Each structure stands twice: as C-alpha cells, then as structure tokens.
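Residue numbers (our numbering): 1 to 157.
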C-alpha cells in the first residue's frame, strides 16, 4: 500500500514547488495496489494503480481532457480520458453521464466508481495511464510534487 494521499491542491502555498502533473482521481483515498510493469508488453503485470473507493465514490479528473471512451470492454465498465499532453487515463469500474467528446477539468468530478468489474470487487477503482506510444506509465509518479531547480555546472579548471 502507498501512503500517497490526494489533496487536490495546486501546491500554490509551497515556495519552490511546481504543480503536480496530475491529481489522484479519488478524494481522501490512498493507493491500495501499486503499479507493476510487466517484463514484456503481453506478460503478467499490474498496468496501473488501485485506489480505495467504494461503489458510488466520485471520480475526479486527474487533469484536463475529454472523454475518449465511456462504455463496456469485456464485460467491464470503463471510462477513458484523453489529456492534452498525449496521455490517456483509464478507470475501471466507472460510470458517467458524460458522452464521448465531453470535456473534463482537473480536480472536477466526471463520474463514479461503479459497475461491472472483476478487478477489486467494490472497494477500489483501477487507474491506468498510457502515453502516446501506448506504453503504460506508473500513475503514482504523476501525482508527486516536483521541484525544479537550477544546478551549478563547473566549467574547466
């Protein structure tokens, strides 16, 4: 289990801290199962993180984007959000009244954890993130605060 919790803040109070790339898509939750990159693209692994969430828990857009899929895949209720930076977030089980193409906004609700899934049986939602090359990323790395700092370079002697 991870101790990363969602604050859904922009980090505006932190002196030298930049905004996180994304926010955790469930308020007051934690990661109950970590990302486990498969050794091969087709091999066994956990291509996202599981976040504690009971049935009906509000799902929050991790970043601005549009709904790119809202429906059923292999009997599982899934929602995908295409983000402006080329990343795609996918949630299971998830339901939303929003149609494909509807805009979503960082930190704002877009749906609920609900529906058919064989993933974590009514106590979590699975959040996966893929880049523009269809490679899975670890979502937990996208919600960590980052500090940008210049480092000195020593030139010659």
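Glycine included, every Cβ here is placed at the ideal spot set by N, Cα and C. These figures come from a predicted structure and were not determined experimentally.
{"Asked": "Express the C-alpha separation of residue 78 and residue 72 in angstroms, rounding to a whole number.", "Found": "6 Å"}
{"Asked": "Can you tell me where the beta strand (DSSP E) holding residue 95 begins and where it ends?", "Found": "Taken as a continuous stretch (DSSP letters only), residue 95 belongs to no beta strand (DSSP E), as it is neither H nor E."}
{"Asked": "Kindly confirm or deny that the stretch 111-123 and the stretch 41-59 touch, where touching means at least three C-beta pairs closer than 8 Å.", "Found": "yes"}
{"Asked": "Which same chain residues end up closer than 7 Å to residue 3 when comparing Cβ atoms and leaving out the 5 residues on each side of it in sequence?", "Found": "Confidence at residue 3 is low in this model, with a pLDDT of 46, below 50, so its placement is unreliable and the value that follows should be read with caution. Taken in chain order, the residues that qualify are 30."}
{"Asked": "Can you give me the Cβ contacts of residue 104 inside the same chain, cut-off strictly under 8 Å, excluding the 5 residues immediately before and after it?", "Found": "61, 64, 65, 66, 67, 81, 98, 110"}
{"Asked": "Given residue 124, which residues of its chain have a CB within under 7 Å of its CB, disregarding the five upstream and five downstream residues?", "Found": "32, 50, 51, 52, 53"}
{"Asked": "Would residue 45 and residue 37 be called neighbours here (beta carbons separated by less than 8 Å)?", "Found": "yes"}
{"Asked": "With DSSP as the reference, label residue 57 as helix, strand or coil.", "Found": "coil"}
{"Asked": "How would you call residue 141, buried or exposed, if buried means at least 16 neighbouring beta carbons within 10 angstroms?", "Found": "exposed"}
{"Asked": "Could you please give the first and the last residue of the uninterrupted beta strand (DSSP E) stretch that includes residue 109?", "Found": "109-112"}
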